Amino acid sequence: MNNVDWSDEYGYVSEGKVYLKGYFDFPDREIGEVRQSIEASVEYFRKRYEVAQQKVAELYNLVENAQNKGSYLMKLVHLRNYFADYDALGDFPALYKKLDILEEDLRKNISVNRDRNLEIKQALLLEAEPHRLSEEWKEAADKLHEIKEKWIKTGAVAKELEEEIEGSFRKVLDDFFARRKDFFNQKMLEQKTRMDSYMEIIYQAERLKYSQDWDATVTAFKALQERWKNVGKLPPDKVTKLWKRFRKATDIFFERYNQAKGLPPRFTKRVDPKQAAQEKMTAEAESLFTQPDMNVAAERAKALLMEWKNLNVPSFKQDRALGERFRLACDKIFEMNYLMRVIKRKHFFFEKKSKEEQLTIKVATMSDLVRKDKQQLELQESEAAGGSVSQTSSYNRQGYGDDQNQDNKRPATNLNVQKRKIQVKENLLNQFKNELAEIRTNRPYR
Numbered sequence: 001m002n003n004v005d006w007s008d009e010y011g012y013v014s015e016g017k018v019y020l021k022g023y024f025d026f027p028d029r030e031i032g033e034v035r036q037s038i039e040a041s042v043e044y045f046r047k048r049y050e051v052a053q054q055k056v057a058e059l060y061n062l063v064e065n066a067q068n069k070g071s072y073l074m075k076l077v078h079l080r081n082y083f084a085d086y087d088a089l090g091d092f093p094a095l096y097k098k099l100d101i102l103e104e105d106l107r108k109n110i111s112v113n114r115d116r117n118l119e120i121k122q123a124l125l126l127e128a129e130p131h132r133l134s135e136e137w138k139e140a141a142d143k144l145h146e147i148k149e150k151w152i153k154t155g156a157v158a159k160e161l162e163e164e165i166e167g168s169f170r171k172v173l174d175d176f177f178a179r180r181k182d183f184f185n186q187k188m189l190e191q192k193t194r195m196d197s198y199m200e201i202i203y204q205a206e207r208l209k210y211s212q213d214w215d216a217t218v219t220a221f222k223a224l225q226e227r228w229k230n231v232g233k234l235p236p237d238k239v240t241k242l243w244k245r246f247r248k249a250t251d252i253f254f255e256r257y258n259q260a261k262g263l264p265p266r267f268t269k270r271v272d273p274k275q276a277a278q279e280k281m282t283a284e285a286e287s288l289f290t291q292p293d294m295n296v297a298a299e300r301a302k303a304l305l306m307e308w309k310n311l312n313v314p315s316f317k318q319d320r321a322l323g324e325r326f327r328l329a330c331d332k333i334f335e336m337n338y339l340m341r342v343i344k345r346k347h348f349f350f351e352k353k354s355k356e357e358q359l360t361i362k363v364a365t366m367s368d369l370v371r372k373d374k375q376q377l378e379l380q381e382s383e384a385a386g387g388s389v390s391q392t393s394s395y396n397r398q399g400y401g402d403d404q405n406q407d408n409k410r411p412a413t414n415l416n417v418q419k420r421k422i423q424v425k426e427n428l429l430n431q432f433k434n435e436l437a438e439i440r441t442n443r444p445y446r
């Protein structure tokens with residue numbers, strides 16, 4: 001060192017520059033220049049060393065409070081590398097010693113954790129192994145997914161063991177899911193084959209249904225029925241549709257056969273009891289319109305709606321036309337009940353008026369209700385377009401919702417419900433107008 005202006009055990013100042021003395025394998029290193037004075041510059045770099053001490057203390061504190069202490073090993077390595085080029089004056093060997101002690105503790109902790117992780121993964125592997133050859137596809141798949149989640153959450157094992165144990169676990173999963181895939185592919189192929197077999201039987205039955213070679217065709221149909229029994233299973237919704245087609249062709253032929261042979265009908269068409277119940281309820285709902293007390297009719301309509309719901313007819317078996325007739329009949333009752341409540345509030349002696357006067361009042365009142373409903377619809381459409389939804393509608397203010405079965409209520413802002421409501425009112429309005437026109441046309445001249 002030439003021309004040393006200041007020095008201590010950690011560094012020195014020479015020719016206007018500040019140096020850190022070498023330590024370990026590091027040589028002396030320039031860390032800065034003298035700015036205002038030697039004392040100020042030395043003090044500045046000593047304070048930077050204090051910052052380095054704080055970083056080590058903070059790392060110790062983080063490790064002390066961490067659950068997964070090993071995760072801080074890389075932070076320690078980065079800090080050590082950072083200090084190699086850090087510009088400060090102080091006892092760096094002491095800092096490195098602290099880092100070495102902490103690193104040793106961390107590596108011991110990591111080793112213990114990896115041993116524990118190995119035990120956990122070995123146990124998970126044993127738990128997964130029995131499912132490798134399982135044919136309980138859903139239960140086994142759910143269990144393996146559960147085990148895999150635990151596996152992922154478990155930390156790493158020693159590197160020399162990682163490839164072996166990860167490969168063993170992956171093989172268990174791959175073996176099971178490959179077998180499951182093959183099984184369902186085979187099942188799909190079997191179902192396609194069965195579907196083709198069913199369709200072939202149906203095509204033959206449909207070709208034979210108008211045959212007049214009676215005895216030979218009877219034998220052929222019996223053979224087809226036997227083949228049908230032996231085809232195998234398909235999902236219920238698919239086989240039901242196929243069976244209906246086959247039975248229809250069979251029924252057509254045997255009805256013709258019995259007529260040709262002069263025999264009584266061999267097959268009696270089966271009526272679905274639920275559909276029969278729905279037809280009966282529809283007829284009753286339509287008859288309620290003639291009920292003199294609309295309030296009583298509305299209560300019965302609500303009860304019918306609940307009975308209809310409780311039948312639990314699957315959607316694919318539901319007669320849509322019948323369902324629409326039933327709902328329309330109920331809706332007309334509810335609208336008529338509401339109309340009569342409005343009329344009786346304004347016309348106390350309505351029932352004593354003539355038929356023509358009653359119809360005139362009904363036309364005027366219903367026209368006003370339709371007008372208000374259309375205004376409400378325009379408002380709802382405007383609010384829907386603007387992204388806001390009104391929580392109050394004339395649907396409930398008019399009392400229509402009160403007459404609806406709880407299961408059949410819709411949100412007041414449902415535009416389709418509002419449109420249907422208007423449609424039902426207009427239907428009744430046209431009916432009143434036609435009745436009124438007929439009375440006036442048939443009125444005798446005086």
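The sequence shown begins at 1 in full-length UniProt numbering and counts up by one. Even for Gly, the Cβ is constructed at its ideal location relative to N, Cα and C. Please read these numbers as outputs of a predicted model, since none were measured by experiment.
Inter-residue CB distance, residue i and residue j (contact presumed, cutoff 8 Å)
{"i": "aspartate 373", "j": "lysine 421", "result": "6 Å"}
{"i": "alanine 301", "j": "isoleucine 333", "result": "4 Å"}
{"i": "threonine 154", "j": "isoleucine 120", "result": "5 Å"}
{"i": "leucine 126", "j": "lysine 148", "result": "That belief does not hold up - the Cβ atoms of leucine 126 and lysine 148 are roughly 15 Å apart, past 8 Å."}
{"i": "leucine 305", "j": "alanine 277", "result": "Not a contact, Cβ separation roughly 13 Å."}
{"i": "arginine 170", "j": "alanine 141", "result": "16 Å between Cβ atoms; not a contact."}
{"i": "phenylalanine 45", "j": "alanine 88", "result": "5 Å"}
Cβ shell of residue i (< 7 Å), same chain only, five flanking positions each side left out
{"i": "lysine 248", "result": "none"}
{"i": "isoleucine 110", "result": "Gly70 and Leu73"}
{"i": "leucine 208", "result": "Thr217, Ala220, Phe221 and Phe253"}
{"i": "phenylalanine 246", "result": "Ile201, Ile202, Ala205 and Trp228"}
Residue i classed as buried or exposed, judged by whether at least 16 other C-beta atoms fall within 10 angstroms
{"i": "leucine 263", "result": "exposed"}
{"i": "tyrosine 210", "result": "exposed"}
{"i": "tryptophan 214", "result": "exposed"}
{"i": "threonine 282", "result": "buried"}
{"i": "histidine 145", "result": "exposed"}
{"i": "glutamine 418", "result": "buried"}
{"i": "glutamine 404", "result": "Because glutamine 404 carries a pLDDT of 43, less than 50, the predicted location of this residue cannot be relied on, and no value is offered for it."}
{"i": "isoleucine 152", "result": "exposed"}
{"i": "threonine 219", "result": "exposed"}
{"i": "asparagine 81", "result": "exposed"}
{"i": "asparagine 337", "result": "buried"}
{"i": "residue 458", "result": "Residue 458 is absent from the structure shown; the chain starts at 1 and stops at 446."}
{"i": "alanine 57", "result": "exposed"}
{"i": "methionine 199", "result": "exposed"}
{"i": "glutamine 259", "result": "exposed"}
{"i": "alanine 285", "result": "buried"}
Coarse secondary structure for residue i, derived from DSSP in three states
{"i": "glycine 155", "result": "coil"}
{"i": "tyrosine 23", "result": "strand"}
{"i": "valine 18", "result": "strand"}
{"i": "serine 315", "result": "helix"}
{"i": "aspartate 5", "result": "strand"}
{"i": "valine 13", "result": "strand"}
{"i": "glutamine 404", "result": "No answer about glutamine 404 holds up, because its pLDDT of 43 lies below 50 and its placement is not dependable."}
{"i": "lysine 419", "result": "helix"}
{"i": "asparagine 427", "result": "helix"}
{"i": "phenylalanine 432", "result": "helix"}
{"i": "phenylalanine 348", "result": "coil"}
{"i": "serine 111", "result": "helix"}
{"i": "tyrosine 338", "result": "helix"}
{"i": "arginine 443", "result": "coil"}
{"i": "valine 231", "result": "coil"}
{"i": "asparagine 81", "result": "helix"}
{"i": "glutamine 122", "result": "helix"}
{"i": "asparagine 68", "result": "coil"}
{"i": "asparagine 396", "result": "Reliability of the predicted coordinates at asparagine 396 is poor, the pLDDT of 46 falling under 50, and no value is obtained from them."}
{"i": "tyrosine 210", "result": "coil"}
{"i": "leucine 322", "result": "helix"}
{"i": "tyrosine 203", "result": "helix"}
Own chain, CB closer than 6 Å to residue i, minus 5 neighbours either side, in chain order
{"i": "leucine 118", "result": "Val157"}
{"i": "valine 63", "result": "Lys69 and Tyr72"}
{"i": "residue 472", "result": "Examination of residue 472 is not possible in this model, given that the chain is present from 1 through 446 alone."}
{"i": "arginine 325", "result": "Thr282"}
Cutoff 8 Å; reference residue i; Cβ partners in own chain excluding five residues on either side
{"i": "tyrosine 23", "result": "Phe92 and Pro93"}
{"i": "valine 424", "result": "Leu328, Asp331, Lys332 and Glu335"}
{"i": "serine 41", "result": "Val13, Val18, Gly32, Glu33, Val34 and Arg35"}
{"i": "serine 315", "result": "none"}
{"i": "glutamine 53", "result": "Gly90 and Leu95"}
{"i": "leucine 436", "result": "Glu356, Leu359, Thr360 and Val363"}
Test: residue i CB closer than 8 Å to a CB of chain C
{"i": "threonine 290", "result": "Here there is only one protein chain, and chain C is not present."}
Checklist entry - Enumerated in chain order, which unbroken segments of the beta strand (DSSP E) with a length of 3 residues or greater are wholly contained in the segment 29-60? => result 29-33
Checklist entry - In the segment 352-391, which residue ranges form an unbroken alpha helix (DSSP H) of at least 4 residues, counting only runs that do not cross its ends? => result 355-385
Next on the checklist: Quick check on the DSSP output: what are the complete alpha helix (DSSP H) runs of length 4 or more inside the segment 131-178, in order along the chain?
Outcome noted: 137-153
Item to check | Runs of beta strand (DSSP E) lying entirely within the segment 234-305, each at least 3 residues, in chain order | outcome: none
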